[in-house]
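In what follows, a single structure is set out as structure tokens and then discussed.
Number of protein chains: 2
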Amino acid sequence: MNFLEERIMKDGVVKEGNVLKVDSFLNHQMDVALLDKIGEEFHRRFADLNITKVLTIEASGIAIAYAVARCFDVPMVFAKKAKSINIDGDMYTTEVESFTHKNKNQIIVSKSFLSSADRILIIDDFLANGCALQGLISIAEAAGAVVEGIGIVIEKGFQYGGRSIRNLGYRLESLAIIESMDAATKTVVFRKQEE
Amino acid sequence: MNFLEERIMKDGVVKEGNVLKVDSFLNHQMDVALLDKIGEEFHRRFADLNITKVLTIEASGIAIAYAVARCFDVPMVFAKKAKSINIDGDMYTTEVESFTHKNKNQIIVSKSFLSSADRILIIDDFLANGCALQGLISIAEAAGAVVEGIGIVIEKGFQYGGRSIRNLGYRLESLAIIESMDAATKTVVFRKQEE
Numbered sequence: 006m007n008f009l010e011e012r013i014m015k016d017g018v019v020k021e022g023n024v025l026k027v028d029s030f031l032n033h034q035m036d037v038a039l040l041d042k043i044g045e046e047f048h049r050r051f052a053d054l055n056i057t058k059v060l061t062i063e064a065s066g067i068a069i070a071y072a073v074a075r076c077f078d079v080p081m082v083f084a085k086k087a088k089s090i091n092i093d094g095d096m097y098t099t100e101v102e103s104f105t106h107k108n109k110n111q112i113i114v115s116k117s118f119l120s121s122a123d124r125i126l127i128i129d130d131f132l133a134n135g136c137a138l139q140g141l142i143s144i145a146e147a148a149g150a151v152v153e154g155i156g157i158v159i160e161k162g163f164q165y166g167g168r169s170i171r172n173l174g175y176r177l178e179s180l181a182i183i184e185s186m187d188a189a190t191k192t193v194v195f196r197k198q199e200e
Numbered sequence: 006m007n008f009l010e011e012r013i014m015k016d017g018v019v020k021e022g023n024v025l026k027v028d029s030f031l032n033h034q035m036d037v038a039l040l041d042k043i044g045e046e047f048h049r050r051f052a053d054l055n056i057t058k059v060l061t062i063e064a065s066g067i068a069i070a071y072a073v074a075r076c077f078d079v080p081m082v083f084a085k086k087a088k089s090i091n092i093d094g095d096m097y098t099t100e101v102e103s104f105t106h107k108n109k110n111q112i113i114v115s116k117s118f119l120s121s122a123d124r125i126l127i128i129d130d131f132l133a134n135g136c137a138l139q140g141l142i143s144i145a146e147a148a149g150a151v152v153e154g155i156g157i158v159i160e161k162g163f164q165y166g167g168r169s170i171r172n173l174g175y176r177l178e179s180l181a182i183i184e185s186m187d188a189a190t191k192t193v194v195f196r197k198q199e200e
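Right, here's the structure in full:
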């Protein structure tokens, strides 16, 4: 097991409905040393790529994307949900469905911050059915940017998001892939990955 | 001028309606070196306090709070807007109005992550009328925690939030306080502060 899988075993909580709560260290309370380590690990895995920008989506992706972007020393951009009066009219937009919140959101990125010169690393905390991720990919590609890689902290391997993104040819790496989990027995089984 | 005021002069955009856009470096695209520096500066200013936790609110506060929390080597907690199925029922909650989005949100923090043993540093990107900040203070105090300090990146000094929070006795430090701004002439005037 890697450092993240160990942490999930220690502090993750399995709930009914295939919900894995990691809010004591990853997406409500955040362990800063763990975030630093996640940033370094993604940097190590994608170090061969000439990344110009890290892209994520609010809210829980932001700290992780910053942890990664500071290792690459490139700017981080986060897609926003819904329209704010502080955003110019000139923006990339797409609609995504949220598994967690059971609703749909417009997500937007200002056209000022993504261009055809960009080589993007997309970062997010969770991958389940892949809706948010597909939204980010579609925004990056609308900008003419190249999606060089995708880094996910926790992938739910029993949902179809990861498989469909990989089938499209994207280089997707997840620090932990959950093969199955069981709320009754409080167990999590991880997919075996090459170190 | 300090490093942040200089950056605002260089890359901030003044819009009608007292809107200062800093989305090229602070709250949409994020300059990671600037964030690191903001984290270090707040650590320097509040180094005399025995901070146990950094508290902020999603979304644009998250990266800044992480930058600060990693300098203190303490956990960061961000308050969430609206209820998620991934949050337990046992939470602190309060209602805040958003100046930017012209709406009201419930903000919530799980009771697991704030306690009467905590000495809190609250961090946020903007302070205008202080609604979000008062929400965070009320959540921290509902937990019995002590709000030791409040660090704001950009305060709109011509709105009443900063004055009312200081009048309540809180130690509030803003890296930049805008005294006035003018969209017609594209000018920003900062309040003179002790270095």
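Just so you know, the sequences run in chain order A and B.
FYI, in our numbering the residues of the first sequence are 6 to 200.
FYI, in our numbering the residues of the second sequence are 6 to 200.
C-beta: ideal position from N, C-alpha, C; glycine also.
On a predicted model such as this, the values are computed, not experimentally measured, just so you know.
For the segment 22 to 56 of chain A, the residues whose beta carbon sits under 7 Å from a beta carbon of chain B are, in order, VAL24, LYS26, ASP28, SER29, HIS33, GLN34, MET35, ASP36, VAL37, LEU40 and ASP41.
Taken in chain order, the unbroken stretches of beta strand (DSSP E) that lie wholly in the segment 14 to 44 of chain A and span 3 residues or more are 18 to 20 and 24 to 26.
Looking at the backbone, the Cα of ASP53 (chain B) and that of ARG176 (chain A) are separated by about 46 Å. In this structure, PHE30 (chain A) lies near ARG12 (chain A), with their beta-carbon atoms less than 9 Å apart. One Cα belongs to THR99 (chain A), the other to ASN32 (chain A), and the distance between them is close to 24 Å. In this structure, A:ILE128 is the residue among A:GLU160, A:CYS76, A:ILE128 and A:SER179 with its C-alpha nearest to the C-alpha of LEU60 (chain A).
For GLU146 (chain B), the enclosing alpha helix (DSSP H) covers residues 136 to 147.
Taking C-beta separations shorter than 6 Å and ignoring five residues to either side along the sequence, the partners of LEU180 (chain A) in its chain run LEU9 and VAL158, following chain order. Contact note: ALA150 (chain A) does not reach chain B at a C-beta cutoff of 8 Å; the least C-beta distance is about 13 Å.
Here PHE195 (chain A) carries a strand assignment [DSSP, helix/strand/coil].
Around the beta carbon of GLY17 (chain A), 16 or more other beta carbons sit within 10 angstroms, so the residue counts as buried.
Going by C-alpha positions, GLY135 (chain A) is about 21 Å away from VAL193 (chain A). Within the model, the alpha-carbon separation for ILE125 (chain A) versus GLY44 (chain A) is close to 15 Å.
Excluding five sequence positions before and after ILE155 (chain A), the CB atoms of its chain that fall closer than 6 Å to its own CB belong to ILE127, TYR175 and LEU177, given in chain order. For ASN7 (chain A), there is no enclosing beta strand (DSSP E), since its DSSP letter is neither H nor E. Of all residues in the segment 109 to 140 of chain B, those with a C-beta nearer than 7 Å to a C-beta of chain A are SER115, SER117 and PHE118, reading in chain order. Taking the C-beta atoms as reference points, ASP123 (chain B) is found no nearer than 9 Å to VAL19 (chain B). Proximity of chain B to TYR71 (chain A) at the Cβ level (cut-off 7 Å) is accounted for by MET35, VAL37, LEU40, ALA68 and TYR71, in chain order.
Looking only at A:ALA87, A:ALA189, A:GLY22 and A:MET14, the smallest Cα-Cα distance to GLN164 (chain A) is reached by A:GLY22. A distance of 9 Å or more separates the beta carbons of ALA148 (chain B) and LEU173 (chain B).
Only those residues of the segment 150 to 165 of chain B whose C-beta falls short of 9 Å from the nearest C-beta of chain A would be listed, and there are none.
PHE83 (chain A) has a beta carbon lying within less than 9 Å of a beta carbon in chain B. DSSP places SER169 (chain A) outside any beta strand (DSSP E); the residue lies instead in the alpha helix (DSSP H), whose first and last residues are 166 to 172. Annotation: the continuous alpha helix (DSSP H) that includes PHE77 (chain A) extends over 66 to 77. Ranking A:MET35, A:MET81, A:ASP28 and A:ASN7 by CA distance to the CA of LEU40 (chain B) puts A:MET81 first. Looking at the DSSP output, TYR97 (chain A) shares a beta bridge with A:VAL114. Think of a sphere of 7 Å around the beta carbon of ARG12 (chain A): no beta carbon from chain B falls inside it, the nearest being about 13 Å out. In this structure, ILE56 (chain B) keeps its C-beta atom at 9 Å or more from the C-beta atom of GLU146 (chain B). Among the residues facing chain A, ASP78 (chain B) is included, as its CB has a counterpart in that chain under 9 Å away. ILE112 (chain B) sits away from LEU138 (chain B), with the two beta carbons spaced by 9 Å or more. Per DSSP, ASP123 (chain A) lies in no beta strand (DSSP E) and is assigned neither H nor E. It is roughly 11 Å from the alpha-carbon of ALA68 (chain B) to the alpha-carbon of ARG75 (chain A). B:PHE131 is the residue among B:ILE142, B:ARG196, B:VAL24 and B:PHE131 whose C-alpha sits nearest the C-alpha of GLY66 (chain B). Shortest Cα-Cα distance from VAL101 (chain B) to any of B:ALA70, B:MET35, B:PHE195 and B:LYS85 involves B:LYS85. Beta-bridge annotation (DSSP): ALA133 (chain A) is not paired with any residue.
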